[in-house]
Amino acid sequence: MARWMVLAVPLSGLADSNRDAQVVAEFDGTEEEAGAMLWEAANTYEHRLWKVRRREVFRVTDRSYFIRIHGRMAAYGILIQLAEKIYDSAAKTSDPTDTPYGQPEDRNPWA
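Numbered according to this note's numbering, the sequence shown spans residues 209 to 319.
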């Protein structure tokens, strides 16, 4: 089983002091369980907003959603993302080359 995190990253409508990314959930599970947890977070996360009047959910990728939450006075944009742990330097059996992207020079799939 893999280790997963669901992250919430505020993008718009919030003061700079409230724009820190937050860990919504951290858990061990299958990819299907992680996807279900991501979907649940997209439909329930409120980022300390008092009264949510409307929620819009937009798929960005298979592992992220943009949610627009309409409150009493404004709308707020938040990116909800799913992250899978692929390496931990503290793990005794960790091998930095044992990742989905292979050797360290090949690790960045966007390069």
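Ideal Cβ positions, reconstructed from N, Cα and C, are used throughout, including at glycine. Note that the structure is predicted; figures quoted are calculated from it, not measured.
Is R263 closer than 7 Å to I277 when the C-beta atoms are compared?
Here the question's residue 277 lines up with position 69 in the sequence shown. Here the question's residue 263 lines up with position 55 in the sequence shown. Going by C-beta atoms, I277 is nearer than 7 Å to R263.
Relative to the C-alpha of H255, which candidate in G243, A283 and R271 has its C-alpha closest?
Stepping through the sequence shown from its first residue, residue 255 is reached at position 47. Of the candidates G243, A283 and R271, the one whose C-alpha sits nearest the C-alpha of H255 is A283.
Identify which residue in E240, F235, Y273 and R211 has its Cα closest to the Cα of Y176.
In the structure as shown, the chain begins at 209 and stops at 319. Residue 176 is therefore absent and cannot be evaluated.
Sequence-distant residues of its chain with Cβ nearer than 8 Å to N251 (five each side left out):
Reading the sequence shown from its first residue, position 43 is the one you call residue 251. The residues are R263 and V265.
Tell me the start and end of each unbroken alpha helix (DSSP H) in the region 221 to 291 that is at least 4 residues and wholly inside, in chain order.
239 to 252
Contact under 7 Å by Cβ, L290 with A242:
Mapped onto the sequence shown, residue 290 falls at position 82. Mapped onto the sequence shown, residue 242 falls at position 34. Taking 7 Å as the Cβ cut-off, L290 and A242 qualify as a contacting pair.
Distance between G237 and M209 (C-alpha atoms, nearest Å)
In the sequence shown, the residue the question calls residue 209 occupies position 1. In the sequence shown, the residue the question calls residue 237 occupies position 29. Each residue's Cα considered, the two are about 5 Å apart.
Determine whether the beta carbon atoms of V231 and M213 lie at a separation below 7 Å.
Position 23 of the sequence shown holds residue 231. Position 5 of the sequence shown holds residue 213. Contact: yes.
Report the residue from K300, E248 and R280 whose alpha carbon sits nearest the alpha carbon of R261.
As a position in the sequence shown, residue 261 is number 53, starting the count at 1. The residue with the shortest Cα to Cα distance from R261 is R280.
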